[in-house]
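K.L.:
Right, I'll just put the structure down here and ask away after.
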Amino acid sequence: MAITLGEIATFLQAKLIGDENIVISGLATLTHAQAGELSFLANMAYRDQLQSTLASAIIVHPNQADECSGAALVLDNPYLGYAKVSSLFETLPKASHTIHPSAVISESANIGKDVSIAANAVIEDHAVLADGVIVGAGSVVGHNSRIGRDSRLHQNVSIYHDVSIGENCIVHSGTVIGSDGFGFANEQGKWVKIRQIGGVSIGNNVEVGANCTIDRGAMSDTRISDGVILDNLIQIAHNVEIGENTAMAASCKIAGSTKIGANCTISGGVGVTGH
Numbered sequence: 075m076a077i078t079l080g081e082i083a084t085f086l087q088a089k090l091i092g093d094e095n096i097v098i099s100g101l102a103t104l105t106h107a108q109a110g111e112l113s114f115l116a117n118m119a120y121r122d123q124l125q126s127t128l129a130s131a132i133i134v135h136p137n138q139a140d141e142c143s144g145a146a147l148v149l150d151n152p153y154l155g156y157a158k159v160s161s162l163f164e165t166l167p168k169a170s171h172t173i174h175p176s177a178v179i180s181e182s183a184n185i186g187k188d189v190s191i192a193a194n195a196v197i198e199d200h201a202v203l204a205d206g207v208i209v210g211a212g213s214v215v216g217h218n219s220r221i222g223r224d225s226r227l228h229q230n231v232s233i234y235h236d237v238s239i240g241e242n243c244i245v246h247s248g249t250v251i252g253s254d255g256f257g258f259a260n261e262q263g264k265w266v267k268i269r270q271i272g273g274v275s276i277g278n279n280v281e282v283g284a285n286c287t288i289d290r291g292a293m294s295d296t297r298i299s300d301g302v303i304l305d306n307l308i309q310i311a312h313n314v315e316i317g318e319n320t321a322m323a324a325s326c327k328i329a330g331s332t333k334i335g336a337n338c339t340i341s342g343g344v345g346v347t348g349h
């Protein structure tokens with residue numbers, strides 16, 4: 075894709091310094107950028123590269139605008155600007171809006187408009203896929219589960235029964251949602267399984283990384299609120315509740331019945347004890 079710097083400035087509502095007709099064909103770091111690429115400065119450790127970079131333009135804070143060797147897009151939050159402009163250069167293949175002939179879809183499933191279902195996916199009885207849902211190759215949507223509008227399951231995602239996922243969500247490959255929580259009672263040295271009869275409820279605009287596990291509730295649902303972002307390799311145990319817009323980095327382990335509030339940031343490898 076190629077777009078002019080002026081068009082990007084309009085998209086970002088940024089102040090433009092330099093030639094609005096410069097054509098931008100990609101994004102790169104200050105270190106690796108070449109002519110035709112757009113970069114950004116969000117970490118002052120790289121400030122000296124403003125003069126040496128080969129980028130055709132740089133997204134910068136007003137305080138650094140005069141330090142750029144070439145064109146600049148000036149924003150109060152350059153990193154946010156980079157995040158937004160990255161959507162213009164998305165490389166993920168477009169949805170096909172077709173159903174592959176090898177997909178197995180129950181007659182009782184409810185499939186919305188413009189849904190894409192890839193090879194060897196399975197949609198079980200009474201599952202609901204709302205309009206615009208994308209189900210990747212080899213993924214399974216279990217009995218009575220619901221995937222909200224414009225949500226995407228990448229390849230080899232397993233959604234068990236009685237799971238609800240909201241709108242505009244992304245679930246990456248290898249993730250399992252709705253597997254049994256770890257519940258057992260001891261009877262004279264032998265373990266008796268506690269049937270996990272709750273489900274999982276995930277809100278809107280949630281992203282779940284690769285190879286995560288989110289257990290179903292023991293009686294009531296495990297709940298992930300709107301806007302939560304989960305990195306890779308995270309374990310969410312049964313009946314955990316996570317508040318809106320909380321961010322959790324890789325390899326966290328959240329024990330059963332933990333309650334995490336809204337707008338929290340949890341670093342990688344953190345363990346949280348339950349109850």
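First residue of the sequence shown? That's 75 in the numbering used here, and the numbers climb one at a time after it.
From the three backbone atoms N, C-alpha and C, an ideal C-beta is built for every residue, glycine too.
Remember, predicted model here, so these are calculated numbers, not experimental data.
#1: Taking the alpha carbon of asparagine 351 as the reference point, which residue from Ile179, Ala139, Ala169 has its own alpha carbon closest?
#2: Given a cut-off of 8 Å, decide if isoleucine 276 and cysteine 243 are closer than it, judged by their beta-carbon atoms.
#3: Hey, quick one: how far does the beta strand (DSSP E) through leucine 90 stretch, first residue to last?
#4: Can you tell me whether serine 294 is buried or exposed? The criterion is at least 16 other CB atoms within 10 Å of its CB, across all chains shown.
#5: Run through the DSSP bridge pairs and tell me what arginine 223 is partnered with.
#6: Buried or exposed for glutamine 270, please, with buried defined as at least 16 other CB atoms from any protein chain shown within 10 angstroms of its CB.
#7: Am I right that alanine 107 and threonine 127 are in contact with their C-beta atoms under 8 Å? What's the rounded C-beta distance?
#8: Apart from the five residues on each side of it in sequence, which residues of its chain come closer than 8 Å, Cβ to Cβ, to asparagine 337?
#9: Report back the beta-carbon spacing between valine 215 and glutamate 198 to the nearest angstrom; my notes put them in contact at under 8 Å.
#10: Measure how close the beta-carbons of serine 130 and isoleucine 96 come, nearest whole angstrom, since I'm counting them as under 8 Å.
#11: Taking the alpha-carbon positions, what's the leucine 304 to isoleucine 133 distance?
#12: Once the 5 residues before and after asparagine 184 are set aside, which same chain residues still bring their CB inside 6 Å of it?
#13: Mind checking which residues open and close the alpha helix (DSSP H) that includes threonine 296?
#14: Buried or exposed: where does asparagine 313 fall if 16 or more other Cβ atoms within 10 Å of its Cβ makes it buried?
#15: Would you mind reading off the limits of the alpha helix (DSSP H) that contains aspartate 158?
#16: Tell me, which residues are paired with glutamine 309 by DSSP?
#17: Could you give the first and the last residue of the continuous beta strand (DSSP E) run that contains leucine 147?
#18: Given this structure, state the Cα-to-Cα distance separating glycine 272 from valine 266, to the nearest angstrom.
#19: So, at 6 Å on beta carbons, what are the nonlocal neighbours of isoleucine 413 in its own chain, with the 5 sequence-adjacent residues on each side left out?
#20: According to DSSP, simplified to helix, strand and coil, what is alanine 119?
#21: Mind pulling the beta strand (DSSP E) runs of 3 or more residues that sit fully within the stretch 161-241?
#22: Taking 8 Å as the threshold (beta carbon to beta carbon), is glycine 240 in contact with chain D?
P.N.:
So, to answer that:
#1: Residue 351 lies beyond the range of the chain shown here (75 to 349); nothing can be said about it.
#2: Position 169 of the sequence shown, counted from the first residue, corresponds to residue 243. Position 202 of the sequence shown, counted from the first residue, corresponds to residue 276. Yes; because the gap between Cβ atoms is below 8 Å, this pair is in contact.
#3: As a working mapping, residue 90 is identified with position 16 in the sequence shown. Element bounds for leucine 90: 89-91.
#4: The residue given as residue 294 occupies position 220 in the sequence shown. That one is exposed.
#5: For the purposes of this step, residue 223 is identified with residue 149 of the sequence shown, where counting begins at 1. Bridge partners of arginine 223: none, in fact.
#6: By one-based count along the sequence shown, residue 270 stands at place 196. Buried, since its Cβ has 16 or more Cβ neighbours within 10 Å.
#7: Taking the sequence shown and counting its residues from 1, one reaches residue 107 at position 33. Taking the sequence shown and counting its residues from 1, one reaches residue 127 at position 53. Contact holds; Cβ gap of about 5 Å.
#8: Start at 1 with the first residue of the sequence shown, and residue 337 comes out as number 263. Within the same chain, asparagine 337 has close Cβ partners Gly317, Glu318, Asn319, Thr320.
#9: Residue 215 sits at position 141 when you count from the first residue of the sequence shown. Residue 198 sits at position 124 when you count from the first residue of the sequence shown. The Cβ separation is near 6 Å, so the contact holds.
#10: Position 56 of the sequence shown, counting from 1, holds the residue named residue 130. Position 22 of the sequence shown, counting from 1, holds the residue named residue 96. Their Cβ separation, rounded to whole angstroms, is 5 Å, which keeps serine 130 and isoleucine 96 in contact under 8 Å.
#11: As a position in the sequence shown, residue 304 is number 230, starting the count at 1. As a position in the sequence shown, residue 133 is number 59, starting the count at 1. Cα to Cα, the separation comes out at about 27 Å.
#12: Counted from its first residue, the sequence shown places residue 184 at position 110. Val202.
#13: As a working mapping, residue 296 is identified with position 222 in the sequence shown. Counting along the chain, threonine 296 falls outside any alpha helix (DSSP H), though it belongs to the beta strand (DSSP E) covering 296-298.
#14: Translated into positions along the sequence shown, residue 313 becomes position 239. Buried is the call here.
#15: Translated into the one-based positions of the sequence shown, residue 158 becomes position 84. For the record, residue 158 in the displayed sequence is lysine; it is not aspartate. Unbroken alpha helix (DSSP H) run through lysine 158: 152-160.
#16: Stepping through the sequence shown from its first residue, residue 309 is reached at position 235. Looking at the DSSP assignment, glutamine 309 forms a beta bridge with Thr287, Lys327.
#17: Indexing the sequence shown from 1 puts residue 147 at position 73. Counting along the chain, the beta strand (DSSP E) containing leucine 147 begins and ends at 145-148.
#18: For this step, residue 272 is matched to residue 198 along the sequence shown. For this step, residue 266 is matched to residue 192 along the sequence shown. For glycine 272 and valine 266, the distance between alpha carbons rounds to 18 Å.
#19: This structure does not reach residue 413, given that the chain is present from 75 up to 349, and the question cannot be answered.
#20: Here residue 119 refers to the residue found at position 45 of the sequence shown. Reduced to three states, the DSSP call for alanine 119 is helix.
#21: 237-239
#22: Among the chains of the structure shown, chain D does not appear; only one protein chain is present.
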